[in-house]
Amino acid sequence: MLTLLSGNVQAAPALDGFWKGPLKVPGGQWEIIFRVVTLTGGKYFATLDVPMQKVTHMSVDVQIHGDTVMFVAEEAASQFVGRLSADGKQVEGTWQQPGLKAPITLVYSTPPASTGTKVRLTPPYREEEVAFTNIPVNLRMAGMLSVPPGKGPFPAVVLVSDAGAQDRDATIGDYRPMGALADFLTRRGIAVLRVDDRGVGQSGGTPATATTAELVADVQAALNFLRTRPEVDLAHLGIIGHGEGGNVALLTAAQPLPPAFVVTLGAHGLPGRDIVVQQQANTLRSLGTEAAQIEAATKRQQAMLDIIQQTPDHAQAQAIVANMLRQNNEAIDEATAQASAAELTSVRYRHFLNFNPTEKLAGVSCPVLLLHGTADTYAALDANLPLLAKGLRSNKNVESRKLPGVNHLFQSDPASWPIVAGQQRETFSPQAQEMIREWIIAQAKKQ
Numbered sequence: 185m186l187t188l189l190s191g192n193v194q195a196a197p198a199l200d201g202f203w204k205g206p207l208k209v210p211g212g213q214w215e216i217i218f219r220v221v222t223l224t225g226g227k228y229f230a231t232l233d234v235p236m237q238k239v240t241h242m243s244v245d246v247q248i249h250g251d252t253v254m255f256v257a258e259e260a261a262s263q264f265v266g267r268l269s270a271d272g273k274q275v276e277g278t279w280q281q282p283g284l285k286a287p288i289t290l291v292y293s294t295p296p297a298s299t300g301t302k303v304r305l306t307p308p309y310r311e312e313e314v315a316f317t318n319i320p321v322n323l324r325m326a327g328m329l330s331v332p333p334g335k336g337p338f339p340a341v342v343l344v345s346d347a348g349a350q351d352r353d354a355t356i357g358d359y360r361p362m363g364a365l366a367d368f369l370t371r372r373g374i375a376v377l378r379v380d381d382r383g384v385g386q387s388g389g390t391p392a393t394a395t396t397a398e399l400v401a402d403v404q405a406a407l408n409f410l411r412t413r414p415e416v417d418l419a420h421l422g423i424i425g426h427g428e429g430g431n432v433a434l435l436t437a438a439q440p441l442p443p444a445f446v447v448t449l450g451a452h453g454l455p456g457r458d459i460v461v462q463q464q465a466n467t468l469r470s471l472g473t474e475a476a477q478i479e480a481a482t483k484r485q486q487a488m489l490d491i492i493q494q495t496p497d498h499a500q501a502q503a504i505v506a507n508m509l510r511q512n513n514e515a516i517d518e519a520t521a522q523a524s525a526a527e528l529t530s531v532r533y534r535h536f537l538n539f540n541p542t543e544k545l546a547g548v549s550c551p552v553l554l555l556h557g558t559a560d561t562y563a564a565l566d567a568n569l570p571l572l573a574k575g576l577r578s579n580k581n582v583e584s585r586k587l588p589g590v591n592h593l594f595q596s597d598p599a600s601w602p603i604v605a606g607q608q609r610e611t612f613s614p615q616a617q618e619m620i621r622e623w624i625i626a627q628a629k630k631q
């Protein structure tokens, strides 16, 4: 998710890197880690890690006002507000979440060197920068097509990223899940097209207004583009979708001219609103928040979601939500509340709250592989995978598989990550990669 920057953009401090500090909590302390990357257009991308609570890569909004820095984790109903030191090396402030308000000092460290999760500059296959058009809306999309060595045509896939405006590699800090998966598959005989989302890189459009139906049209355009390529085996052209991208892949398969197969990675089975509510509750629970505090936070969240869904006038909804945010958290200033309210009342967010991912699954007839990690706290396996399988019950070629210890980003337990140059390297689950490859090749052999 692209984060927001408020205040004087020209005077904004350089925050690129890691900001770490110990947070004292009842019974001990947690290490809090914010990862910040400066983007173009005066924006930041940031994530939150709390290793002891198994919180990884949680999206964070960044707000800057002079030397005041605010990190807002809506998912956890939490925030940090602090003042940047004169030398730019630390931020002293306060962490606040339901049931906890504590001082913390974040200290800056430079980001680690780029790791092997990024595709090599000279891979043993051909890479081609490509562009195509979503013709009905005249929208230009850009991406990278990677083609295996040797004589084709090859089985091929379109990769569809999770929610939020992401680049073709779905880059999160130094972790590039789609880039890593594309590299793995291309080296093993499967052509891959990965695309910059709307409004990212060279792709046109505005991500804040893109509904799920419009994202389906983008994927259909990607499939049609690959159907023009002689390197692609047209009988074995599929889609791999991560998170919400998995739901987009399934919806695309329910349309005319469907793909030959679909692989979902942690797709949603619950309606959008239920996902949002469960996500906050799970995150607060993982942070050690007391049950009564979680219940109170959920009630406030439900009240806000009622306003968003039942107030059609956008300006009015935004004003009410901004007021609710400030009343729920007195530390949030007006500019921050307005920025958050604008996102929460956007066309895309409203659509997501009303989205029922199982509604059209009866129309999917191609083979489907549903993959889900047991450590997924964003789209919990037990709450989502059974609903997807039930929605696809009329399709006799559906497989559901559980990946022990794998989280929503399809990473294994961090203890198993390799160490490169003294740093643990975040990696896409090798078990998941091999499972995807074997299943795709098996589908090609059946036909």
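Every letter in the sequence shown is one number past the one before it in the working numbering, and letter 442, counting from 1, is 626. C-beta atoms are modelled at their ideal positions from N, C-alpha and C, and glycine is treated no differently. Remember, predicted model here, so these are calculated numbers, not experimental data.
Outcome for Asn322 when other beta-carbon atoms lying within 10 angstroms are tallied against a minimum of 16: exposed
Candidates Phe218, Thr611, Arg413, of which the one nearest Trp279 by Cα: Phe218
CA-to-CA distance, Val253 to Thr520, given in whole angstroms: 11 Å
Local Cβ density within 10 Å of Thr393, reported as buried at 16 or more and exposed below that: exposed
Identified DSSP bridge partners for Glu312: Leu329
Secondary structure of Arg304, DSSP reduced to three states: Note on Arg304: pLDDT 47, under 50, position unreliable in the model; the coordinate value appears next. Correct three-state label for Arg304: coil.
C-beta contact flag for Val291 and Gly422 at 8 Å: no
Proximity test, Pro337 beta-carbon vs the ligand HEM heavy atom, cut-off 7 Å: The ligand HEM is absent from the structure shown, which contains no ligands of any kind.
Minimum C-alpha distance to Arg310 - residue among Asp346, Arg372, Ile459, Ile288: Arg372
Neighbourhood of Arg267 by C-beta, 8 Å cutoff - its chain only, sequence neighbours within 5 removed: Asp251, Thr252, Val253, Val275, Glu276, Gly277
Touching by the beta-carbon criterion (3+ pairs, under 8 Å), the stretch 425-439 and the stretch 545-552: yes
Contact check, Met328 vs Arg352, beta carbons under 8 Å: yes
Per-residue burial, Ser613 [other beta carbons within 10 Å of its own, 16 or more giving buried]: buried
Minimum length 3: unbroken beta strand (DSSP E) runs contained in the stretch 342-388: 375-379
Own chain residues within Cβ distance below 6 Å of Thr561, not counting five before or after: Asn466
Contact belief for Val384 with Ala349 at Cβ below 8 Å, rounded distance in angstroms: 5 Å
Residues of its chain near Asn431, where Cβ-Cβ distance is below 8 Å and the 5 sequence neighbours each way are ignored: Thr396, Gly425, Thr448, Ala451, His452, Phe539, Pro541
Between the CA atoms of Ile620 and Gln404 - distance to the nearest angstrom: 21 Å
Any 3 or more C-beta pairs closer than 8 Å across the stretch 495-503 and the stretch 579-593: no
Contacts around Phe488, its chain only, beta-carbon distance under 7 Å, and the 5 residues preceding and following it disregarded: At residue 488 the sequence reads Met, which differs from the Phe that was named. Result list for Met488: Val505, Met508, in chain order.
Status (buried if at least 16 other CB within 10 Å, exposed otherwise) for Gln194: With a pLDDT of 41 at Gln194, under the threshold of 50, the predicted position of this residue should be treated as unreliable, and no value is reported.
C-beta atoms of Phe255 and Ala230 nearer than 8 Å: yes
Val461 versus Ala616 - alpha carbon distance: 28 Å
C-beta atoms of Thr558 and Lys586 nearer than 8 Å: yes
Beta-carbon proximity list for Gln486, same chain, < 8 Å, skipping 5 on both sides: Val461
Whole-angstrom distance between Ser345 and Leu454, CA atom to CA atom: 18 Å
For Glu398: DSSP bridge partner residues: Glu398 pairs with nothing; no bridge assigned.
Segments of 4+ residues assigned as alpha helix (DSSP H) that fall wholly inside the stretch 530-590: 531-538, 565-575
Coarse secondary structure for Asn507, derived from DSSP in three states: helix
In DSSP terms, what Ser243 is bridged to: Thr231
For Phe536 and Ala525, the rounded distance between their alpha carbons: 15 Å
Between the CA atoms of Leu554 and Ala626 - distance to the nearest angstrom: 15 Å
Supposed contact pair Val265 and Ala523 - C-beta distance, whole angstroms, cut 8 Å: About 15 Å separates the two Cβ atoms, so there is no contact after all.
Residues near Val531 by beta carbon distance below 6 Å, same chain, minus five either side: Thr393
Asp233 versus Ile216: straight-line alpha-carbon distance, rounded: 6 Å
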